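Chemist: Okay, handing you the structure first.
Number of protein chains: 2
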Amino acid sequence: MQFSSALLETAVNEFAKLPGIGKKTALRLVLHLLKQDPGAARAFGETILKMRQEIRFCHRCHNVADADICSICANSMRRKDMICVVETIRDVIAIETTQQFSGTYHVLGGIISPLDGIGPEQLSIDSLVERIQKEGVTEVIFALNPNIQGDTTIYYIQKKLAAFPVKVTTIARGISFGGELEYADEMTLARSISNRLPVESYVSHR
Amino acid sequence: MQFSSALLETAVNEFAKLPGIGKKTALRLVLHLLKQDPGAARAFGETILKMRQEIRFCHRCHNVADADICSICANSMRRKDMICVVETIRDVIAIETTQQFSGTYHVLGGIISPLDGIGPEQLSIDSLVERIQKEGVTEVIFALNPNIQGDTTIYYIQKKLAAFPVKVTTIARGISFGGELEYADEMTLARSISNRLPVESYVSHR
Numbered sequence: 001m002q003f004s005s006a007l008l009e010t011a012v013n014e015f016a017k018l019p020g021i022g023k024k025t026a027l028r029l030v031l032h033l034l035k036q037d038p039g040a041a042r043a044f045g046e047t048i049l050k051m052r053q054e055i056r057f058c059h060r061c062h063n064v065a066d067a068d069i070c071s072i073c074a075n076s077m078r079r080k081d082m083i084c085v086v087e088t089i090r091d092v093i094a095i096e097t098t099q100q101f102s103g104t105y106h107v108l109g110g111i112i113s114p115l116d117g118i119g120p121e122q123l124s125i126d127s128l129v130e131r132i133q134k135e136g137v138t139e140v141i142f143a144l145n146p147n148i149q150g151d152t153t154i155y156y157i158q159k160k161l162a163a164f165p166v167k168v169t170t171i172a173r174g175i176s177f178g179g180e181l182e183y184a185d186e187m188t189l190a191r192s193i194s195n196r197l198p199v200e201s202y203v204s205h206r
Numbered sequence: 001m002q003f004s005s006a007l008l009e010t011a012v013n014e015f016a017k018l019p020g021i022g023k024k025t026a027l028r029l030v031l032h033l034l035k036q037d038p039g040a041a042r043a044f045g046e047t048i049l050k051m052r053q054e055i056r057f058c059h060r061c062h063n064v065a066d067a068d069i070c071s072i073c074a075n076s077m078r079r080k081d082m083i084c085v086v087e088t089i090r091d092v093i094a095i096e097t098t099q100q101f102s103g104t105y106h107v108l109g110g111i112i113s114p115l116d117g118i119g120p121e122q123l124s125i126d127s128l129v130e131r132i133q134k135e136g137v138t139e140v141i142f143a144l145n146p147n148i149q150g151d152t153t154i155y156y157i158q159k160k161l162a163a164f165p166v167k168v169t170t171i172a173r174g175i176s177f178g179g180e181l182e183y184a185d186e187m188t189l190a191r192s193i194s195n196r197l198p199v200e201s202y203v204s205h206r
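Chains R and B, in that order, are what the protein sequence lines are. Everything in the first sequence is counted per this note's numbering, starting at 1 for the first residue and increasing by one. Everything in the second sequence is counted per this note's numbering, starting at 1 for the first residue and increasing by one.
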């Protein structure tokens with residue numbers, strides 16, 4: 001692309017660095033900002049700057065936070081004895097959106113994946129163990145993606161937790177609500193049979 | 001979506017205002033910026049701010065510019081007696097990228113479209129007429145999208161230019177290179193037959 005303005009070109013290139021945004025989309029976004037009144041475009045730029053400069057990570061759970069402690073950890077209504085272990089901040093948002101969990105979180109920052117060069121030492125596992133030692137935690141719920149890396153991570157952490165009097169669970173895996181048995185993969189179907197639930201408990205959750 | 005950080009939420013909302021960007025994509029982009037080192041995210045925000053504050057529109061052709069006059073108008077190698085009339089800045093970029101045009105541009109800022117409430121007075125038509133009066137222009141090339149609005153705009157401007165000794169042309173319309181006759185719409189096919197070219201002139205353009 002040939003630009004007649006260096007300012008425009010730089011802005012397009014910055015947008016095109018974002019994942020899934022090509023040059024043509026970047027140009028469309030920049031021209032959209034140019035069409036807005038200056039206040040709107042300034043608000044956009046300033047919000048990004050402010051977000052990156054001021055955002056912090058919770059000292060307790062490593063979730064994004066506006067202060068030293070995130071709003072979930074700081075909320076006295078949340079059960080501090082229940083920790084839901086997730087891979088990323090996105091998973092926290094996904095679970096929070098369901099409004100079904102009243103405990104706190106622990107963001108690992110990834111999962112153990114030797115092929116990608118990610119070992120346990122790069123994840124916030126030590127701080128999880130420390131929380132369990134100090135905070136009187138009674139249950140650790142793993143909400144990791146159901147794949148080999150997720151299972152490896154659960155296995156590794158679970159062994160570290162064996163010394164503590166804590167219940168270790170994982171979110172249910174099985175056929176998605178609205179899914180069709182016919183199209184489920186064998187692994188999921190096989191697991192959902194071996195982990196079958198008594199119908200009473202299923203009905204009581206509806 | 002439930003966010004545990006107001007900074008994150010504001011940033012996601014700003015991104016989600018952009019055209020074609022939903023909340024989930026916005027979150028992905030913001031988390032990408034968060035993962036980058038602070039310098040990269042700051043560069044992104046600052047570039048947008050700087051672009052919006054400093055970008056100007058060329059006094060001559062209304063293209064985006066870093067100064068009072070855009071780099072195309074300021075280039076002494078470009079033919080000033082040839083003006084290519086386009087609808088938007090994007091069209092300038094598209095034509096510049098072909099590297100086939102050595103004249104200058106005139107950005108109308110839209111096309112006449114009564115249904116959208118856009119009349120000639122909202123477009124930069126007067127400044128085009130003024131340029132033709134003052135700059136010794138010999139040819140005006142219309143490069144507007146081939147539709148009713150484009151044709152209406154050409155017809156309107158062409159009548160205004162009748163008083164001046166200037167050649168008025170439009171870019172060729174016809175079957176796209178690589179296109180298939182079978183799938184071309186009737187209007188395009190009919191026009192491309194009535195506007196047929198002598199084969200010599202076609203071959204000499206290859």
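Cβ coordinates follow ideal geometry from the N, Cα and C atoms, glycine included. None of these values were measured; they are calculated from a predicted model.
Going by DSSP, name the residue or residues bridged to R:ALA65.
Modeler: Position 65 of the first sequence, counted from the start, is the residue given in the question as residue 65 of chain R. R:ARG56.
Chemist: Which same chain residues, not among the five before or five after R:LEU161, have their C-beta less than 8 Å away from its C-beta?
Modeler: The count along the first sequence starts at 1 and reaches residue 161 of chain R at position 161. So the qualifying residues of the chain are VAL129, ILE132, VAL140, VAL168.
Chemist: List the residues that DSSP assigns as beta-bridge partners of B:HIS106.
Modeler: Numbered from its first residue, the second sequence carries residue 106 of chain B at position 106. Answer is B:VAL85.
Chemist: Please classify B:SER4: does DSSP put it in a helix, a strand, or coil?
Modeler: Taking the second sequence and counting its residues from 1, one reaches residue 4 of chain B at position 4. B:SER4 falls in the coil class under three-state DSSP.
Chemist: For B:ILE95, which residues from the same chain have a beta carbon less than 8 Å from its beta carbon, with the 5 sequence-adjacent residues on both sides left out?
Modeler: Numbered from its first residue, the second sequence carries residue 95 of chain B at position 95. The answer, listed in chain order, is CYS84, VAL86, PHE101, TYR105, ALA143.
Chemist: In whole angstroms, give me the CA-to-CA distance for B:ILE118 and R:HIS32.
Modeler: Sequence index remark: in the second sequence, residue 118 of chain B carries index 118 (1-based). Sequence index remark: in the first sequence, residue 32 of chain R carries index 32 (1-based). B:ILE118 and R:HIS32: Cα-Cα distance of roughly 19 Å.
Chemist: Rounded to whole angstroms, what's the CA-CA distance from B:GLU180 to B:CYS58? Just pull it up for me.
Modeler: Numbered from 1 along the second sequence, position 180 holds the residue referred to as residue 180 of chain B. Numbered from 1 along the second sequence, position 58 holds the residue referred to as residue 58 of chain B. The alpha-carbon atoms of B:GLU180 and B:CYS58 are separated by roughly 40 Å.
Chemist: Determine the closest residue to R:ILE89 out of B:LEU115, B:GLN149, B:LEU27, B:CYS70, with distance taken between C-alpha atoms.
Modeler: The count along the first sequence starts at 1 and reaches residue 89 of chain R at position 89. Closest option to R:ILE89, Cα to Cα, is B:LEU27.
Chemist: Contact defined as beta carbons within less than 8 Å: I believe R:ILE111 pairs with R:GLY150. What is the distance between those atoms, to the nearest angstrom?
Modeler: Reading the first sequence from its first residue, position 111 is the one you call residue 111 of chain R. Reading the first sequence from its first residue, position 150 is the one you call residue 150 of chain R. Yes, R:ILE111 and R:GLY150 are in contact; Cβ-Cβ is about 6 Å, under 8 Å.
Chemist: Excluding the 5 residues preceding and the 5 following R:CYS73 in the sequence, name in chain order all residues of the same chain whose CB lies nearer than 7 Å to its CB.
Modeler: Taking the first residue of the first sequence as position 1, residue 73 of chain R is located at position 73. Closer than 7 Å at the Cβ level, and outside the excluded window around R:CYS73, lie CYS58, ARG60, CYS61, THR104.
Chemist: Just mark B:ASP91 as buried or exposed, buried being the case when its beta carbon has 16 or more other beta carbons within 10 Å.
Modeler: Along the second sequence, read from residue 1 onward, the residue named residue 91 of chain B stands at position 91. With 16 or more other Cβ atoms within 10 Å, it is buried.
Chemist: Just the Cα atoms here: how many angstroms apart are R:ASP66 and R:PRO146?
Modeler: The residue given as residue 66 of chain R occupies position 66 in the first sequence. The residue given as residue 146 of chain R occupies position 146 in the first sequence. For R:ASP66 and R:PRO146, the distance between alpha carbons rounds to 31 Å.
Chemist: Considering only residues of the same chain and omitting the five flanking positions on each side of B:TYR156, which have a CB-CB separation below 8 Å?
Modeler: On the second sequence, residue 156 of chain B is found 156 positions in, with the first residue counted as 1. The residues are ILE112, PRO120, ILE125.
Chemist: Report yes if the C-beta distance between R:GLN2 and B:THR97 is below 8 Å; otherwise report no.
Modeler: Within the first sequence, the letter at position 2 stands for residue 2 of chain R. Within the second sequence, the letter at position 97 stands for residue 97 of chain B. The answer is yes: Cβ separation under 8 Å.
Chemist: Taking 8 Å as the threshold (C-beta atoms), are B:LEU49 and R:ARG191 in contact?
Modeler: Counted from its first residue, the first sequence places residue 191 of chain R at position 191. Counted from its first residue, the second sequence places residue 49 of chain B at position 49. Not in contact: R:ARG191 and B:LEU49 (Cβ atoms no closer than 8 Å).
Chemist: On the premise that R:VAL107 lies in contact with R:ASN75, defined as a C-beta separation below 8 Å, what is that separation, rounded to the nearest angstrom?
Modeler: In the first sequence, residue 75 of chain R corresponds to position 75, counting from 1. In the first sequence, residue 107 of chain R corresponds to position 107, counting from 1. The pair is not a contact, with the Cβ atoms about 16 Å apart (cut-off 8 Å).
Chemist: For B:ALA163 and B:MET82, what's the separation of their Cα atoms in angstroms?
Modeler: For this step, residue 163 of chain B is matched to residue 163 along the second sequence. For this step, residue 82 of chain B is matched to residue 82 along the second sequence. Roughly 17 Å between the two C-alpha positions.
Chemist: Starting from the Cα of B:THR152, find the closest Cα among B:PHE44, B:TYR183, B:THR170, B:THR138 and give me that residue.
Modeler: Here residue 152 of chain B refers to the residue found at position 152 when the second sequence is read from its first residue. The shortest Cα separation from B:THR152 among B:PHE44, B:TYR183, B:THR170, B:THR138 belongs to B:THR170.
Chemist: In angstroms, rounded to a whole number, what distance separates the CA positions of R:TYR183 and R:ASP116?
Modeler: The residue given as residue 183 of chain R occupies position 183 in the first sequence. The residue given as residue 116 of chain R occupies position 116 in the first sequence. The alpha-carbon atoms of R:TYR183 and R:ASP116 are separated by roughly 30 Å.
Chemist: How would you call B:LEU197, buried or exposed, if buried means at least 16 neighbouring beta carbons within 10 angstroms?
Modeler: Residue numbering aside, residue 197 of chain B sits at position 197 when the second sequence is read from its first letter. Under this definition B:LEU197 is an exposed residue.
Chemist: Strictly below 9 Å CB to CB, what residues from chain B border R:CYS70?
Modeler: Residue numbering aside, residue 70 of chain R sits at position 70 when the first sequence is read from its first letter. Those within 9 Å of R:CYS70 in chain B are SER4, SER5.
Chemist: Given a cut-off of 8 Å on the beta-carbon distance, is the pair B:THR25 and R:MET51 in contact?
Modeler: As a first step, residue 25 of chain B is located in the second sequence; it is residue number 25 there, counting from the start. As a first step, residue 51 of chain R is located in the first sequence; it is residue number 51 there, counting from the start. The answer is no: Cβ separation not under 8 Å.
Chemist: Write down the C-beta distance between R:LYS23 and R:VAL30 rounded to the nearest angstrom, noting that I regard them as a contact closer than 8 Å.
Modeler: Here residue 23 of chain R refers to the residue found at position 23 when the first sequence is read from its first residue. Here residue 30 of chain R refers to the residue found at position 30 when the first sequence is read from its first residue. Their Cβ separation, rounded to whole angstroms, is 10 Å, which puts R:LYS23 and R:VAL30 out of contact at 8 Å.
Chemist: On a CA-only basis, which of B:ARG56, B:GLU14, B:ILE21 is nearest R:SER4? Give me that one, please.
Modeler: Locating residue 4 of chain R in the first sequence gives position 4, counting from the first residue. Measuring from the Cα of R:SER4, the nearest candidate turns out to be B:ARG56.
Chemist: Does chain R have any CB closer than 8 Å to the CB of B:ARG90?
Modeler: In the second sequence, residue 90 of chain B corresponds to position 90, counting from 1. So yes, B:ARG90 belongs to the interface.
Chemist: Any idea if R:GLU14 is buried or exposed, counting beta-carbon neighbours within 10 angstroms, 16 or more meaning buried?
Modeler: The residue given as residue 14 of chain R occupies position 14 in the first sequence. It counts as buried.
Chemist: Give me the residue from R:PRO19, R:ALA172, R:GLU186 with the minimum Cα distance to B:GLN36.
Modeler: Walking along the second sequence from the start, residue 36 of chain B turns up at place 36. Of the listed residues, the one whose Cα sits closest to B:GLN36 is R:PRO19.
Chemist: Tell me whether the beta-carbon of R:LEU45 lies closer than 8 Å to the beta-carbon of B:GLY45.
Modeler: Here residue 45 of chain R refers to the residue found at position 45 when the first sequence is read from its first residue. Here residue 45 of chain B refers to the residue found at position 45 when the second sequence is read from its first residue. Note that residue 45 of chain R is Gly in the sequence shown, not Leu. Their beta carbons are under 8 Å apart, which means R:GLY45 touches B:GLY45 by this criterion.
Chemist: Would you kindly work out how many angstroms separate the C-alpha atoms of B:LEU34 and B:ILE21, rounded to a whole number?
Modeler: Counting from one through the second sequence, the residue named residue 34 of chain B turns up at place 34. Counting from one through the second sequence, the residue named residue 21 of chain B turns up at place 21. Straight-line Cα distance between these residues: approximately 18 Å.
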